[in-house]
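Written below as structure tokens is the structure these notes are about.
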Amino acid sequence: MFWLVVVTLILIGLAFLLLEILVIPGTGVAGIVGFILLGIGVWQAYTYYGDITGHWVLAGTILGTVVVLAYSLRAKTWRRVALKYKIRSRVNIIDEEKLKPGDIGKSVSRLAPGGKAVFSKEYVEVRTMGEFIDQDVDIVIEKIEDHKIFVKLKE
10 MFWLVVVTLI LIGLAFLLLE ILVIPGTGVA GIVGFILLGI GVWQAYTYYG
60 DITGHWVLAG TILGTVVVLA YSLRAKTWRR VALKYKIRSR VNIIDEEKLK
110 PGDIGKSVSR LAPGGKAVFS KEYVEVRTMG EFIDQDVDIV IEKIEDHKIF
160 VKLKE
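My numbering applies: residue 10 is where the sequence shown begins, and numbers increase by one.
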């Protein structure tokens, strides 16, 4: 019956270690709790079952921890849960003759502060200087810098 307590402590400690490494790195609390639980589990095995059994539990805990951590950190393990979507979007390629400061267009989406707009039937990503502009509102290109189009509300 006491084996259940020892095994449970070790498994919960291992779960906390995995949680620390994979989910919430940097906080340290889960890792410390995990090591403490692993230690208590091994200590309980030594206390209640003697040195030989304690040595086996310690060796099994170390080996199990190394195997579980190595398996969970392999790249193949994460391929099953990783996103495989490729980004096909592109940066605005601005034709200086088609779009220039002062051109009037319409916001296609809400600009908060960035969004989509249309200028002479060409859809582009635009930004405001911080203000929010509603959808389907006339806007004016204020400036173009580094493939970014800055707009303001048409007055």
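Backbone N, C-alpha and C define an ideal beta-carbon position, used for all residues, glycine too.
Contact check for V51 against T70 passes: the beta carbons are separated by less than 7 Å. The alpha-carbon of H156 is positioned some 25 Å away from that of Y94. Here V15 is buried: its Cβ has 16 or more other Cβ atoms, across all protein chains shown, within 10 Å. Bounds of the alpha helix (DSSP H) holding G43 are V38 to L82.
Residue pairing of A126 in beta bridges, as defined by DSSP: S116 and V133.
Here F11 is exposed. Its C-beta has fewer than 16 other C-beta atoms within 10 Å.
For D147, DSSP records a beta bridge to K115. Shown here for G123: same chain residues with a beta carbon closer than 8 Å to its own, the five before and five after excluded, namely E134, V135, R136 and T137 in chain order.
Following the DSSP letters along the chain, one finds F159 inside the beta strand (DSSP E) bounded by residues K157 to L162.
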